[in-house]
Each structure stands twice: as structure tokens, then as C-alpha cells.
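So the protein lines, in turn, are chains W and Z.
Residues in the first sequence are numbered consecutively from 19, following this note's numbering.
Residues in the second sequence are numbered consecutively from 2, following this note's numbering.
All residues carry an ideal CB built from backbone N, CA and C; glycine is no exception.
Below: the structure, in C-alpha cells.
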Amino acid sequence: MTVTASQWLDRIRALPLESHVKIMNVCGGHERSITMAGLRSALPGNIELIPGPGCPVCICPEEDVYEAIQLALNENIILVAFGDMLRVPVNVRKSDTRTLAEAKARGADIRPIASPVEAVKIAKEHPEIPVVFFAAGFETTTAPVAAMLVEGVPANLFLLLSGRLTWPAVAMLLESGEAGFNALIAPGHVATVMGPEEWQFVVDAHNMPAAVAGFEPESLLAAMYSVLRQLTDGRYFLDNCYPALVREGGNRSARRQLEEAFVVEDANWRGVGSIANSGYIIADKYKAHDARRKYPNYASEARKRAGEMPPGCDCAGVVLGKIYPNECRLYGKACVPRNPIGPCMVSDEGACRIWWANGLRETAKPKI
Amino acid sequence: MCLGIPMQICEINGFVASCEAKGVFRDVSLFMMQDENLKVDDFVVVHVGYAIQKITSQEAQTAWELYDQMIAAD
Ligand code: SF4
């Protein structure tokens, strides 16, 4: 028997929840579904839903975007990147080139792609020109990039990799002692690839309920019910509320390919700083395709300033779930999707953009 | 960027499958699906051009209903 969204809501309302509960999600797709379906206003007032570090575009280090822009402007290459990355601004003067889109307008050969397969195709069509694939993303996106390398790519394809793992950001928040949430909804498609086990630490090391959710309101509400019920029962475990896709061990061939192509290292997150074991770098076996080795002069240590969001932009607070998008002073004023100041207003996965696109116009903290 | 879309396999050629969703056809890489035994007519969830997992037709249907709403909201 399938349980409908309104039945889940009834079950949630019937729970003997005494205190205020904050549930964090770490996936832009979850935040979109929650906001679109209006789940915040449908839930009882003592349940808060917090968007956390769920936007790979938002946390892609500023220095990596800068590196991509400079490479595209100064080398005779074709630069390809997922479309969202083209509008992410770096912190330079207005008269300088602030985005890949601006670099493209200034004559650089920059092409948005929707799949690693397109990067391979473009490289094959232009064997005489180096093609640099600027690849930012979480595990769900980085795994296909690994698959692309393992399957074999043309000699003129180079990877500027900014892949990140999601769970270390949650671990960092929990270890900080100021996590600001009592339960976690784990990302469905990340768990599809990596396996749900990655999230077991939330329960084991931090004594906090966790549930993996899909993207339908029913699956999200089932996960919310699960973590709330765990809280009221006082028995915590990792629940899989997305069994349609999320299986024990995840997608094993994808994980093997990730392991073969990349190595996990500490990595910088924009606005956040370095997070232990949170980034992918290219394994030695594939070093011939590493754009950073081919063009070493564009990575600038000097640009690695942790906490670097555009001036006035509170994306760092939004990404870490410390503030809601509309608590930023610029939300809906200087910063709107047509003229984004920070990356959270650029990407479809950014909480600011999701809230704005779904008509959340008031700038005060919403009553939730 | 982490959202996969369900598609149905129409033809398999090595690691490339021609897949269909709502009348739109796309070439999808099956390179990440080497542990699955996939056949024509099966449903897979596709993310950035790669199949990431196999699903049932029922699950594909439910997911599509959600994406229809998302697309309508954009
Ligand atoms: S509203 Fe704009 S400036 Fe404010 S946090 Fe969001 S992206 Fe940054």
C-alpha cells in the first residue's frame, strides 16, 4: 500500500513531538521538492527544514572558477563545463572578467555541456586543440566523469576537476559542535551511487537520526516521519526511504571507477574552507589528462582565501544551514537570478535561487 | 545537478543505449551499469548522460510525475 503525502503529513502531526526539531537536507534536489511542494508551511510549526550543503556549484572554490576563466582567456583551448558553472562569479573588479560567460563573450571558446560524453565528442572533433573539461560536482556527477576517464578519452582531453564528496561536509558540521540541526535527510542520488552506508556515521558517531530520501514529496515526508519518529522513540538508525534506487553498497561499478580514476583528499569549499577528505583529485594513472599538470601556471596559491564569497553575499551561511536565503541582506534586492551576486542565486541547486524561483519574496525569516 | 531522470532503453550497442523518455530520445552511457544485466525495455535513471541505476516502470512513472511539476514550475 502506498502512503500519500497527506497521509504522511497526518502521521507526522500525530507524533508526540515535544521540542522544536531542525531537519537538515543536503541536496539541492531535495530543497527544490520541499520548496515546490510547500512542505515547510504544511508541517507543524515546531519542525524546521534547513537547506544545507547541497549545491556543488555554490561551494566550488572561487580559485577554481578563476583558474578556468584564466585558462580559457589565455590558452588556445576549448573549455567545456556544465552549464551552471558559466554564470558563477569570481571576486574581481567589475571591469575584469567575472564569469566564464563573460570570458566567452570576450572571445574565449567556452562551451556548456550537459554530459561528459559531450566533452569526449568535442575533443574527438578537434584533435588539434586541447579541450579542458572543468568538472565541478558531487559524487553523482563526479562518478560519470570517472567513468568517462576509465572508458578512455582522446589524448587532447584534460580535466580541471573540482569534484566533492557530500558526507564530509556534514561530518565537519557535526564535529564543529554547532551543527544547528537534530536530524538529517541524506541525499538520494548520492546514496544511489555511493551506497547508504556512507551516512551511518551520523547515527553511530553523533547519535542523530538519519534517513535517505528520494525526490517525490512522499519519499521526503516518509524520511521526515522516520527521523521524527526515531526522535520520539529515542531509537536512532539510518533509514532508507528511497529503496527504489538506493541499494546496499550503491552502484558498485561506479564506485570502482571512481576509485580507479580519482584519489580522495582534503579540499577547499567556497565560503567554508578546507574540509577533510572531501575532494577528488586525478589518480596518477590518469595524470596525462590532468589540466592542472598540463597548465600548472594558472593555479594560484594566493587566491586560496577561505571564506571567499562575493562581498555582502551570505552564501557561506546559507550553504552551512546557518541562515535561510531570505535572511541575506541582498536576497531579492541586489541579488536575483537575472543578476546573481553569489553562487547560491546562480545554480538550480542553490537555495537562494530555489526560494526565489518558487516565489518566496519576503525578506524576513519565514514563520516555520 | 544531482537529479537523475528515468528513461526507457530502446536499443543497446555495447556501452551505449538509445533511451527514450516522453518521446525524447538520447544516447545514454551504460558504462556505470556493468554489474547490471540490462535489456531493451528496462528503465534506468540517467544523470548527465550516464545510467546510474535500474528502476521499475512503476517507479519511473512516479518520478516522471514529479519532474513534470518541476519543469512546469521553471
Ligand atoms: S541572496 Fe545572493 S548574495 Fe545573498 S546569500 Fe544568496 S546568493 Fe549570496
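Chain Z residues whose Cβ lies nearer than 7 angstroms to that of residue i
i	result
proline 134 of chain W	Val49, Gly50
glutamine 275 of chain W	Met33
asparagine 200 of chain W	The contacting residues do not exist; asparagine 200 of chain W stays about 24 angstroms from chain Z at best.
asparagine 269 of chain W	Met33, Ile53, Gln54
arginine 117 of chain W	Reading off the sequence, residue 117 of chain W comes out as threonine, not arginine. The premise fails here: threonine 117 of chain W is roughly 17 angstroms from chain Z at the closest Cβ pair, so nothing lies under 7 angstroms.
Proximity winner among the options, relative to residue i (alpha-carbon distances)
i	options	result
proline 328 of chain W	W/Leu61, W/Arg288, W/Ser59	W/Arg288
leucine 249 of chain W	W/Leu33, W/Asp28, W/Ser24	W/Leu33
glycine 368 of chain W	W/Ser271, W/Met103, W/Gly198, W/Val281	W/Met103
asparagine 43 of chain W	W/Ser180, W/Val354, W/Tyr342	W/Tyr342
glutamate 277 of chain W	W/Val163, W/Pro148, W/Ala137, W/His48	W/Val163
alanine 229 of chain W	W/Ile128, W/Leu183, W/Ile203	W/Ile203
asparagine 94 of chain W	W/Gly335, W/Ile128, W/Asp222, W/Ala241	W/Ile128
glycine 50 of chain Z	W/Ala161, W/His38, W/Ala119, W/Phe219	W/Ala161
cysteine 73 of chain W	W/Ala285, W/Tyr349, W/Cys333, W/Arg356	W/Cys333
proline 358 of chain W	W/Cys331, W/Gly377, W/Thr159, W/Arg247	W/Cys331
lysine 55 of chain Z	Z/Glu66, Z/Tyr68, Z/Met34	Z/Met34
tryptophan 217 of chain W	W/Ser271, W/Leu256, W/Ile300	W/Leu256
aspartate 82 of chain W	W/Trp374, W/Cys353, W/Ala317, W/Ser51	W/Ala317
asparagine 38 of chain Z	Z/His48, Z/Phe26, Z/Gly15, Z/Asp28	Z/Gly15
alanine 141 of chain W	W/Glu36, W/Leu97, W/Phe199	W/Leu97
valine 46 of chain Z	W/Glu326, W/Leu263, W/Ser194, W/Leu378	W/Leu263
alanine 223 of chain W	W/Phe233, W/Leu192, W/Pro214	W/Leu192
glutamine 275 of chain W	W/Pro235, W/Glu146, W/Met166, W/Val220	W/Met166
methionine 8 of chain Z	Z/Leu31, Z/Phe44, Z/Asp36	Z/Phe44
glutamate 85 of chain W	W/Val337, W/Arg321, W/Asn174, W/Pro71	W/Arg321
methionine 387 of chain W	W/Leu239, W/Pro235, W/Arg105	Past the boundaries of the shown model lies residue 387 of chain W; chain W is included only from 19 to 386, so the question cannot be answered.
valine 39 of chain W	W/Asp28, W/Glu49, W/Asn64	W/Asn64
phenylalanine 8 of chain W	W/Gly195, W/His48, W/Glu283, W/His144	No information on residue 8 of chain W is available, as it lies outside the stretch 19 to 386 that chain W covers here.
glutamate 345 of chain W	W/Leu378, W/Glu326, W/Pro314	W/Leu378
isoleucine 41 of chain W	W/Trp26, W/Leu27, W/Arg29, W/Gly70	W/Gly70
Distance CB(residue i)-CB(residue j) smaller than 9 angstroms
i	j	result
cysteine 76 of chain W	serine 365 of chain W	yes
proline 227 of chain W	tyrosine 260 of chain W	no
phenylalanine 156 of chain W	arginine 116 of chain W	no
leucine 67 of chain W	methionine 242 of chain W	yes
alanine 153 of chain W	leucine 178 of chain W	yes
cysteine 78 of chain W	proline 361 of chain W	yes
valine 245 of chain W	alanine 201 of chain W	yes
valine 149 of chain W	proline 172 of chain W	yes
glycine 101 of chain W	proline 134 of chain W	no
valine 41 of chain Z	valine 29 of chain Z	no
glycine 12 of chain W	phenylalanine 199 of chain W	Here chain W has residues from 19 to 386 only, and residue 12 of chain W is not among them.
alanine 158 of chain W	glycine 5 of chain Z	Reading the sequence as shown, one finds threonine at residue 158 of chain W and not alanine. Going by C-beta atoms, threonine 158 of chain W is nearer than 9 angstroms to glycine 5 of chain Z.
proline 205 of chain W	cysteine 370 of chain W	no
phenylalanine 176 of chain W	lysine 303 of chain W	no
alanine 388 of chain W	lysine 139 of chain W	Limits of chain W in this structure are 19 at one end and 386 at the other, which puts residue 388 of chain W out of reach.
leucine 238 of chain W	isoleucine 52 of chain W	yes
glutamate 236 of chain W	threonine 381 of chain W	no
alanine 309 of chain W	alanine 279 of chain W	no
Residue i: contacting residues in chain Z (beta-carbon distance under 8 angstroms)
i	result
proline 130 of chain W	Going along chain Z, no residue has its Cβ under 8 angstroms from proline 130 of chain W, so there is no contact; the nearest lies around 12 angstroms.
alanine 161 of chain W	Met33, Tyr51, Ile53
glutamate 169 of chain W	Phe16, Ser30, Phe32
alanine 272 of chain W	Met33, Ile53
alanine 404 of chain W	The structure shown does not extend to residue 404 of chain W, since chain W spans only 19 to 386, so no value can be given for it.
Per-residue contacts from residue i into chain W (C-beta, under 8 angstroms)
i	result
asparagine 46 of chain Z	It should be noted that the sequence gives valine, not asparagine, for residue 46 of chain Z. The answer, in chain order, is His207, Thr210, Leu263.
Listed by chain order, chain W residues near residue i by CB distance under 9 angstroms
i	result
aspartate 42 of chain Z	Those do not exist, as aspartate 42 of chain Z stays about 18 angstroms from chain W at its closest Cβ, beyond 9 angstroms.
Contact set between residue i and chain Z, taken where Cβ atoms lie within less than 9 angstroms
i	result
glutamate 234 of chain W	Thr63, Ala64, Glu66, Leu67
**Message:** I want to know whether the stretch 103-115 of chain W touches the stretch 45-57 of chain W - three or more CB-CB distances under 8 angstroms.
**Reply:** Taking one beta carbon from each stretch, the stretch 103-115 of chain W and the stretch 45-57 of chain W have fewer than 3 pairs nearer than 8 angstroms; the two do not touch.
**Request:** With 8 angstroms as the C-beta to C-beta threshold (strictly closer), list the residues of the stretch 28-45 of chain W near chain Z in chain order.
**Result:** Close to chain Z, meaning a Cβ-Cβ distance shorter than 8 angstroms, are the following residues of the stretch 28-45 of chain W: Cys45.
**Near-chain Z residues of the stretch 203-216 of chain W - C-beta to any C-beta below 8 angstroms** = If you check each beta-carbon in the stretch 203-216 of chain W against every beta-carbon of chain Z, the ones closer than 8 angstroms belong to Pro205, His207, Val208, Thr210, Val211.
**Message:** If contact is defined by three or more beta carbon pairs under 8 angstroms, each pair taking one atom from either stretch, is the stretch 14-30 of chain Z in contact with the stretch 52-67 of chain Z?
**Reply:** Judged by Cβ distances under 8 angstroms, the stretch 52-67 of chain Z makes contact with the stretch 14-30 of chain Z, as three or more pairs qualify.
**Prompt:** When you check each C-beta in the stretch 6-28 of chain Z against every C-beta of chain W, which residues fall closer than 8 angstroms?
**Reply:** Listed by position, the residues of the stretch 6-28 of chain Z near chain W (Cβ gap below 8 angstroms) are Phe16, Asp28.
**Item:** Positions along the stretch 277-297 of chain W whose CB lies within less than 8 angstroms of some CB in chain Z
**Value:** When CB distances to chain Z are screened at a threshold of 8 angstroms, not a single residue of the stretch 277-297 of chain W falls below it.
**Touch test, the stretch 187-197 of chain W against the stretch 280-294 of chain W, Cβ-Cβ under 8 angstroms, three pairs minimum** = With a cut-off of 8 angstroms, the stretch 280-294 of chain W and the stretch 187-197 of chain W count as touching, because enough Cβ pairs lie within range.
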